[in-house]
Structures are given as structure tokens and as C-alpha cells.
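**Student:** Would you mind keeping the following structure in view while I ask a few things?
Number of protein chains: 2
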Amino acid sequence: MDKYDSLLLKNQLCFPTYAVANKILRKYQPLLDNLNLTYTQYITMMVMWEKKTVNEKELCETLYLKTNTLAPLLQRLKEKGYISITKDKKDKRNLVISLTSEGEKLREKAVDVPPSIAEEFNLSEEEAMFLYKILYKILDN
Amino acid sequence: MDKYDSLLLKNQLCFPTYAVANKILRKYQPLLDNLNLTYTQYITMMVMWEKKTVNEKELCETLYLKTNTLAPLLQRLKEKGYISITKDKKDKRNLVISLTSEGEKLREKAVDVPPSIAEEFNLSEEEAMFLYKILYKILDN
DNA sequence: TTAAATTATATCGTGTGCGACATATTTAGC
DNA sequence: GCTAAATATGTCGCACACGATATAATTTAA
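Protein sequences appear in the order of chains A and B. With the working numbering applied, the first sequence covers 59 to 199. With the working numbering applied, the second sequence covers 59 to 199.
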């Protein structure tokens, strides 16, 4: 037991997490190219498809991202015509993000993405469940 | 069971993985600021502390990163004085990356990082083991 | 009731991380 | 020996993701 053992790459939990996250992005990108979305734009659209209308603050909390990441990203989604951005009349500090009909249409194309990815992961039901639980435990503590 | 269920954020495995990876980076950064390293530079230094000398290709494979990410990163580590970069005399295509004495010194300061992080994760031994195994299963398939 | 604190968002600069493409060097095939 | 393929690395442009800081709108409190 060396005093430097804790600094070995193979003894880290952070590193495989980081590497797997990168690997996932690489897997998704070719599929998402068909939708003209990046991965972060894709998970943003997931929220939009579900909620139809949200404000930026909700979006930040849901995606665990900061406004300085989302603000320019939302501009790009707007330019692509998938969302609209307006100000809340009651509280002009709030941005109201809404799904457009163009954005709604994209959903039809997107349904093909999750099954294509699932194949790649190659985990058992049990493993997937456990991984899911433990990741949310880390996120929420 | 809706046809769009597979597009719900809460049904994704990719999303919590991605979010946890981001969260880990945010946890590390304040600690790494004391070492004048970014997270990616830190894991690169982990390899250097262990191996002392590597070429860029090995580094790419070890870290699951591409040369277009590592090349400029290595330049920054060189500028900070933690590594040196030379060309292999036998095969001039190969870059030889070597730990400097300055880089070796940094290791002493870095030993404080892993214990500080471990507290944050708050997983049981068993959970950590399982997470570790499953992440490497994904990485290696 | 108005000045201070809080809240929601935007902007800036830095450093990844990637695909696409370019370059230099070595190896293989003939 | 000479050309073609393979290998290792570099460069470019784009899109995150962050901390730090700024700005505008609303709420609170003296």
C-alpha cells in the first residue's frame, strides 16, 4: 500500500464516469446529426417534448446545467425553429420557452434514437436498474 | 405505455451519467485550482505520475480521448512546467511525454485531493464497487 | 416609499471534446 | 528503390460547461 495509490487512475471512480459520459456522447452524435441536434440540445428537447412550456430556471434545474450553458444553446434551438423564447408578462425576469410545431414534428424522428442506443449499452435489466439508482443517488445528495 | 415514453428524460440512462460526470467536474475544480490544473489535466497528470514517460498515443488510449483534445492540453501542461515534450528519435512521428521534477513535486500536493472527494460521493463500499465494475463494462465493450 | 437585497438571466474568457481535414513519417508491396 | 498505404500527430471550427461578473426586474424592509 503506497501513499500514492489513491492517485492511480485505476483507483478512481470519477474517471470511468467521465469516460463513459464522453463515450455516450460519441455514440449519440451520429444519430442526432439526422435531427440537427447536439446531445445537450437533444436532452433539452426531451424536456420540451414532455412539458411543452417551461422557463429557463426550471430547465437549468431539470438538466443540472447553468444559465451560461443554456442561454446560448436555447438561442440555437430558436434559430433552428424548434422553440420560441418570450418574456413572462407577469414577471419580466422570467423567460418562457415554448415548443413550436416544428419542434413537435421533430419528436417523430427522435423516437428512433433510444432503441438504437439501447443496443449499444448491452447491460442486463438488473445492471441498468442498479446503475440508474446509484447515479440518481449521487445527483441528489 | 405511450409511444413517446422512451423519449422521457427520466427513462434515460445516458442523462444521469452525463449529469453525474458534470457534477464530478464541478466538485473537483475548486480543489484542483490549488494545483493549477483542470480536471482533464489532472487525470493526465495521474498517468504521468504513474508512468513517468508515455507517448501521446498511449495517453489517448488510456484516457479514452482524441489527439485533438490532448495535443493542446499537453502544450498547456508543458507551459506550466509539469511535463516535457520531445520527439522519439527512432520514430519521429511519436511524441514522448515525460514528467518533470516540477510535475513530480505536484504529486505531493495532489495526494490531498482524493480523500476530499471521497467524502462527497457518500456511497457504500459495495455500491462503489458495483458502479466501478459496470462503468468499465460499458467502457470496454 | 425608497433603498437594499434577492432573483432570473446574460455576457465574458478559458478549456475541453469532437469530426473533418492536413501533414509528416514510416512501412509494405511490387 | 519507389510508390502507396498506414500511422501518429496537428490544426480548424463548432458547441458545450464552467466561474466570475454584470444587468435588469422584483421583493423586502427600514
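For every residue, glycine included, the Cβ atom is placed at its ideal position computed from N, Cα and C.
#1: Hey, quick one: how far does the alpha helix (DSSP H) through K136(B) stretch, first residue to last?
#2: Three-state secondary structure (DSSP) at K163(A)?
#3: Measuring only between beta-carbons, confirm whether I155(B) sits less than 8 Å from chain A.
#4: Note down, in chain order, every chain B residue with its Cβ under 9 Å from the Cβ of V169(A).
#5: Let me know the secondary structure DSSP gives V105(B) once reduced to three states.
#6: Nearest chain A C-beta to N101(B) closer than 8 Å, yes or no?
#7: Could you check whether the Cβ of M106(A) sits closer than 8 Å to any Cβ belonging to chain B?
#8: For D63(A), which of E108(B), K167(B) and L83(B) has the nearest alpha-carbon?
#9: At a CB-CB cut-off below 7 Å, which residues of chain B make contact with A77(A)?
#10: For A77(A) versus L197(B), is the C-beta distance shorter than 8 Å?
#11: For the candidate residues I192(B), T102(B) and L164(B), whose alpha-carbon lies nearest to that of S182(A)?
#12: With C-beta atoms as the reference, is L135(A) less than 8 Å away from Q99(A)?
#13: Cβ atoms of M103(A) and L164(A): under 8 Å apart, would you say?
#14: Specify whether the region 157-171 of chain A and the region 132-146 of chain B touch according to this definition: at least 3 beta carbon pairs, one from each stretch, less than 8 Å apart.
#15: Please say whether I82(A) and T96(B) have beta carbons closer to each other than 8 Å?
#16: Can you check DSSP and say which residues form a bridge with I155(B)?
**Tutor:** Checking against the coordinates, here is how it stands:
#1: Here residue 136(B) refers to the residue found at position 78 of the second sequence. That run of the alpha helix (DSSP H) goes T125 to E137.
#2: Position 105 of the first sequence, counted from the first residue, corresponds to residue 163(A). In the structure shown, K163(A) sits in a helix (DSSP, three-state: H, G or I).
#3: Numbered from 1 along the second sequence, position 97 holds the residue referred to as residue 155(B). Chain A contact via Cβ: absent.
#4: One-based indexing of the first sequence puts residue 169(A) at position 111. Within chain B, the residues near V169(A) are K61, Y62, S64 and L65.
#5: Looking up residue 105(B) in the second sequence gives position 47. Residue state, collapsed to three classes: helix.
#6: In the second sequence, residue 101(B) corresponds to position 43, counting from 1. The residue asked about is misnamed: residue 101(B) is Ile in this sequence, not Asn. Judged by the 8 Å Cβ criterion, I101(B) is in contact with chain A.
#7: Within the first sequence, residue 106(A) is the residue found at index 48, counting from 1. For M106(A), the answer is no, since every Cβ of chain B falls outside 8 Å of its Cβ.
#8: Translated into the one-based positions of the first sequence, residue 63(A) becomes position 5. Ranking E108(B), K167(B) and L83(B) by Cα distance to D63(A) puts E108(B) first.
#9: Numbered from 1 along the first sequence, position 19 holds the residue referred to as residue 77(A). Within chain B, the residues placing a beta-carbon under 7 Å from that of A77(A) are Y122 and L197, ordered along the chain.
#10: Counted from its first residue, the first sequence places residue 77(A) at position 19. Counted from its first residue, the second sequence places residue 197(B) at position 139. Less than 8 Å separates the beta-carbon of A77(A) from that of L197(B).
#11: Within the first sequence, the letter at position 124 stands for residue 182(A). Out of I192(B), T102(B) and L164(B), I192(B) has the C-alpha closest to the C-alpha of S182(A).
#12: Numbered from its first residue, the first sequence carries residue 135(A) at position 77. Numbered from its first residue, the first sequence carries residue 99(A) at position 41. Yes; because the gap between Cβ atoms is below 8 Å, this pair is in contact.
#13: Position 106 of the first sequence, counted from the first residue, corresponds to residue 164(A). Position 45 of the first sequence, counted from the first residue, corresponds to residue 103(A). For the 8 Å CB-CB criterion, L164(A) and M103(A) form a contact.
#14: Touching, no, given that fewer than three Cβ pairs across the two stretches are closer than 8 Å.
#15: Along the second sequence, read from residue 1 onward, the residue named residue 96(B) stands at position 38. Along the first sequence, read from residue 1 onward, the residue named residue 82(A) stands at position 24. By the CB criterion at 8 Å, T96(B) and I82(A) fall outside the cutoff.
#16: Locating residue 155(B) in the second sequence gives position 97, counting from the first residue. Looking at the DSSP output, I155(B) bridges to V112(B) and I143(B).
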